[in-house]
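378 is the number that my numbering gives to position 221 of the sequence shown; each next residue is one higher, with no gaps. Ideal Cβ positions, reconstructed from N, Cα and C, are used throughout, including at glycine. None of the values given here were measured: they were computed from a predicted structure.
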Amino acid sequence: MSSNKARADSLSLLLFTLRSGKLMAINLLKVSEIIPCPPLTKLPESHPHVKGIATLRGASLSVIDLSRAIGERPLEDPNGGCLIVTDVSRSKQGLHVQAVSKIVHCLTTDIKPPPFGSGGVRSYITGVTSVDGTLVQVLDIEKVIHGIAPAQIETAPTELSMEDAEVLGNARILVVDDSQVALQQSVHTLRNLGLQCHTARSAKEAIDCLLDLQGTAQQINLIVSDIEMSEMDGYALTRTLRETPDFSHLYVLLHTSLDSAMNSEKARLAGANAVLTKFSSPELTKCLIAAAKAVAEQGH
Numbered sequence: 158m159s160s161n162k163a164r165a166d167s168l169s170l171l172l173f174t175l176r177s178g179k180l181m182a183i184n185l186l187k188v189s190e191i192i193p194c195p196p197l198t199k200l201p202e203s204h205p206h207v208k209g210i211a212t213l214r215g216a217s218l219s220v221i222d223l224s225r226a227i228g229e230r231p232l233e234d235p236n237g238g239c240l241i242v243t244d245v246s247r248s249k250q251g252l253h254v255q256a257v258s259k260i261v262h263c264l265t266t267d268i269k270p271p272p273f274g275s276g277g278v279r280s281y282i283t284g285v286t287s288v289d290g291t292l293v294q295v296l297d298i299e300k301v302i303h304g305i306a307p308a309q310i311e312t313a314p315t316e317l318s319m320e321d322a323e324v325l326g327n328a329r330i331l332v333v334d335d336s337q338v339a340l341q342q343s344v345h346t347l348r349n350l351g352l353q354c355h356t357a358r359s360a361k362e363a364i365d366c367l368l369d370l371q372g373t374a375q376q377i378n379l380i381v382s383d384i385e386m387s388e389m390d391g392y393a394l395t396r397t398l399r400e401t402p403d404f405s406h407l408y409v410l411l412h413t414s415l416d417s418a419m420n421s422e423k424a425r426l427a428g429a430n431a432v433l434t435k436f437s438s439p440e441l442t443k444c445l446i447a448a449a450k451a452v453a454e455q456g457h
């Protein structure tokens, strides 16, 4: 199995700009609507990157000043622009941007990892691509949201039955995610369960890790993978594993910030065992126990 041969899936990106005019993008599946910036109510003691609260069809919506959140200059007209309403990781929020440009369709193989020196963990992009000869940066919306409202993860050890603890203890887990924030959240949950794991920031790294550990005492038997990743996404990674005799038996849990309901059928067709929407530590724990039991029943 070559880690350099990526399987391509199609992807739709919504392009938008901030004050600098450079093009940024967000996965269209994370966008519920685009609206002119409505009147906002500023709440006392709110996070400085939250412009205020909008009322959308009777429901409250937090509006993030995306320029400030990613360290860019503020918009020239603070009351102008528009809102990209996103539905990510079980919550809705509005992103205040200068303007929406267009929707483009590309392949996941067209999305490349951020270039070296682009900021590492401080960067707010998960990948880059080219549209009509212009560089486009793909926004790490999970990191933006986490910087404003970090996910609450239990710090006390999770109470497990002896049976669940024993079966989890036999799981050799690889967590794959190109978002540093999401990766840390998953690893934190695993450590809270008393588990160690291997990690990878891309499907290529994941395949290299699987090959390196094959035949050793740490040989992986359970993979928790993001879906949205540059070059090779979680669907393509799963299909690649299913087509590789040494890894076709691996249990694959696809862990995504997208609504799992809309991805469950595609995940099933790719060969994934389960799909879960980020981020709920109790639900991830439940899925890991189910996965570990399935692995034990298979004798792996």
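Minimum length 3: unbroken beta strand (DSSP E) runs contained in the region 269-356
Runs of the beta strand (DSSP E) inside the region 269-356: 282-288, 291-296, 330-333.
How many angstroms separate the CA atom of S258 from the CA atom of I380?
Going from the Cα of S258 to the Cα of I380 covers about 37 Å.
Where in the region 236-273 do unbroken runs of the beta strand (DSSP E), each at least 3 residues long, occur, reported from the N-terminal end onward?
Runs of the beta strand (DSSP E) inside the region 236-273: 239-245, 248-254, 256-264.
Locate the alpha helix (DSSP H) running through L200, then write down its first and last residues.
No alpha helix (DSSP H) holds L200; DSSP gives it neither H nor E.
Buried or exposed by the 16-neighbour rule on C-beta atoms within 10 Å, applied to R279
With a pLDDT of 49 at R279, under the threshold of 50, the modelled position of this residue cannot be trusted, and the question is left open.
Is DSSP giving N420 helix, strand or coil here?
N420: helix per DSSP, three-state reduction.
For K208, does the three-state DSSP call read helix, strand or coil?
Correct three-state label for K208: strand.
Between G391 and the rest of its own chain, which residues show a CB-CB distance below 6 Å, the 5 nearest in sequence each way excluded?
Once the five neighbours on either side are set aside, the close Cβ partners of G391 are S382, D383, I384, L411.
7 Å Cβ cutoff met for D458 and H262:
Residue 458 falls outside the range modelled here, since the chain spans only 158 to 457, and no answer is possible.
Under the three-state reduction of DSSP, which class applies to P231: helix, strand or coil?
If DSSP states are grouped into helix, strand and coil, P231 belongs with coil.
Taking CB distances under 7 Å as the criterion, tell me whether T266 reaches chain D.
Chain labels in this structure do not include chain D; a single protein chain is all it has.
Chain-order list of residues whose beta-carbon lies under 7 Å from that of A313 (same chain, five-residue window excluded)
Confidence at A313 is low in this model, with a pLDDT of 49, below 50, so its placement is unreliable and the value that follows should be read with caution. When the five nearest sequence neighbours on each side are left out, no beta carbon in the same chain lies closer than 7 Å to the beta carbon of A313.
If you compare alpha carbons, which of T356, A393, G237, S387 is closest to Q375?
Q375 has its Cα closest to that of T356, out of T356, A393, G237, S387.
Measure from the alpha carbon of D396 to the alpha carbon of each residue in A429, Q337, N420, S387, then state which is nearest.
This sequence places Arg at residue 396; Asp is not what is there. Of the candidates A429, Q337, N420, S387, the one whose C-alpha sits nearest the C-alpha of R396 is A429.
Can you check which of these residues, K450, F436, F404, is closest to L415 by C-alpha distance?
Ranked by how close their Cα comes to the Cα of L415, the residues K450, F436, F404 have F436 in first place.
One or two residues paired with T174 in a DSSP bridge:
T174 is bridged to L180, A256.
Taking the straight line between their C-alpha atoms, what separation do you get for F404 and L398?
Cα to Cα, F404 sits roughly 5 Å from L398.
Backbone secondary structure at E388 - three-state DSSP:
E388 falls in the coil class under three-state DSSP.
Continuous beta strand (DSSP E) stretch holding L410: start and end
DSSP places L410 in the uninterrupted beta strand (DSSP E) bounded by 408-413.
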